[in-house]
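Numbering of the sequence shown is given in the working numbering, commencing with residue 27 and proceeding in unit increments. All C-beta atoms in this analysis are idealised placements derived from N, C-alpha and C, irrespective of residue type, glycine included.
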Amino acid sequence: MKPAKLRFDIQLSKVEVLFAQAKLQSNPAQWLYLNNLRTPMFMLEALAKLYSQLHNKKKFEKLQAKFKIIEDALGAIDHYTAFEKEFVANNKIPIAVNQYLVIKIKDSENSLNKILKKQGWLTGKRLIKINKQLAQMNWLNETKETNLITRFYTKEIKKIIVFMTESNFIFDDLEANLHEFRRNLRWLSIYPQALQGAVVLQENKKYATTLKSYLTTQTLDSPYNKLPVSDIQTKFVALETNNFMALSWLINALGKLKDLGLKIEVVKEALQHNSTLTKVEAEKNALLLLGKNYPTIEQVLGDASKISKPFFAKKILLNLLYK
C-alpha cells in the first residue's frame with residue numbers, strides 16, 4: 027500500500043470506530059465532541075487540503091469540503107462549550123450569558139446531528155464512498171510526492187509572508203486578520219502530524235542561539251512538536267528543528283491572544299441577544315464584565331502585531347525548510 031493512502035486510512039479507521047459508537051447514542055454530536063472526533067477530522071482535512079495541490083485536485087477538494095463541514099461543526103460546539111464552562115464559575119458574568127451559551131451549544135449539536143444524518147456518516151455510507159474515492163486516486167511515487175510537498179511548503183510560506191507584508195504587520199480585524207493569519211501558520215505545523223512520518227526535524231545548531239527566546243520548555247516539550255515516525259517511508263521532507271519550534275511558539279502565543287478577543291466577542295454576542303444594545307454598547311458592557319484590566323480588541327490586535335513583526339524579521343518561515 028502507498029504510504030500516502032495509508033495516512034488517510036489511519037485517520038479514517040479512528041473515525042469509523044467513533045461513528046460506530048456514536049450512532050448508538052441519543053446525542054451523537056455531543057458524544058463525538060466529547061470523544062475527540064475533531065482531531066482525526068482535522069488531520070483528514072489537512073491531508074485533503076495538501077494533496078489537492080499535488081494531484082487529483084478536484085477530488086481532494088471535494089473530500090476536504092466534507093471533512094471541513096464536520097470539523098467546523100465540532101469547532102462551533104467547542105467554542106461555546108469552552109466559554110460556558112469558564113463563565114459558569116465566574117459570578118461576575120450574568121446568568122443570562124451562560125443561558126445563551128447553553129442554547130448555542132444545543133443549536134450547534136443539533137446542526138451537527140443533521141449533517142451527520144444527511145451525509146450518511148453514522149450509517150457508514152459516507153466512509154464507504156470516501157474509501158472508494160481514495161482507492162481511485164493517482165497516487166505518486168515517494169520521490170515525486172516528497173519533492174511536491176517541499177514545493178507546496180515553499181508556496182504556502184510565500185503566501186503567508188505576502189499576506190503579512192501587504193498588511194505591514196498590522197492586524198485590524200480579529201477574524202479576517204489575526205485568526206486567518208494564525209490558521210495559515212497552524213497548517214504548517216499540522217501537515218507534519220498528518221503526514222505520519224513523511225516529515226522529519228533536522229537541526230542546524232546556529233539557530234539555537236538566535237531563536238533562543240522562542241525555545242521555551244513548554245514549546246520544546248509540547249506533544250504537538252513530537253512528529254510521527256514511519257517504518258516504511260524512505261524519502262522525507264526535512265524541517266529545521268529550531269525554526270519549527272519557533273513557529274509553534276508563535277502559534278501558541280497568537281492562540282492565547284485570539285482567545286482573549288473571542289471572549290469579548292462571545293459575551294458581546296450574548297448581551298445583544300434579545301436586547302436593543304448596539305455592537306459598541308455591547309462590547310463596552312462586555313469589557314466591564316470581564317474586568318477593568320481586560321484588554322480591548324484593539325489591544326489584543328496590537329499585541330499580536332508586536333510579537334509577529336520580530337518573528338518575521340528573523341526570517342523564521344523562510345528558514346523553516348532545512349537547507
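- Glu-295 and Thr-243 have their C-alpha atoms some 37 angstroms from each other.
- Non-local beta-carbon contacts of Gly-223 in its own chain, meaning distances under 7 angstroms to residues more than five positions away in sequence, involve Pro-254, Val-255, Ser-256 and Gln-259 in chain order.
- If you keep only unbroken alpha helix (DSSP H) runs of at least 4 residues inside the stretch 113-168, you get 121-144 and 151-161.
- In this structure, DSSP gives Glu-307 a helical state, which the three-state scheme calls helix.
- Rounded to whole angstroms, the Cβ separation of Asn-203 and Phe-197 is 4 angstroms, and the two are in contact under 8 angstroms.
- Residue pairing of Ala-339 in beta bridges, as defined by DSSP: absent, with no partner found.
- Counted as a single uninterrupted DSSP element, the stretch harbouring Val-43 is not any beta strand (DSSP E) but the alpha helix (DSSP H) occupying residues 29-48.
- Per the C-alpha coordinates, the member of Lys-118, Tyr-233 and Ile-121 positioned closest to Tyr-348 is Tyr-233.
- Pairing Leu-315 with Lys-151 gives a Cβ-Cβ distance that is not under 7 angstroms.
- Distance from the CA atom of Lys-284 to the CA atom of Ile-156, rounded to whole angstroms, is 34 angstroms.
- Annotated three-state conformation of Leu-221 is coil, per DSSP.
- Residues Ile-131 of the same chain have their beta carbon placed closer than 6 angstroms to that of Thr-107, with the five preceding and five following residues left out of the count.
- For the pair Ile-216 and Ala-102, the CB atoms are not nearer than the 7 angstroms cut-off.
- Ile-183 and Thr-191 have their alpha carbons spaced roughly 12 angstroms apart.
- Of the residues assessed, Gln-56 falls on the buried side of the cut-off, its CB having 16 or more other CB atoms within 10 angstroms.
- Secondary structure of Val-255 (DSSP, three-state): coil.
- DSSP lists Val-225 as the beta-bridge partner residues of Val-263.
- Per DSSP, the beta bridge partners of Leu-347 are Leu-265.
- Secondary structure at Thr-302: coil, using DSSP grouped into helix, strand and coil.
- Under the three-state reduction of DSSP output, Ser-248 falls in the coil class, being neither helix nor strand.
- Around the C-beta of Glu-201, fewer than 16 other C-beta atoms lie within 10 Å, and the residue is accordingly described as exposed.
- Annotation for Phe-68: the continuous alpha helix (DSSP H) segment containing it runs 64-77.
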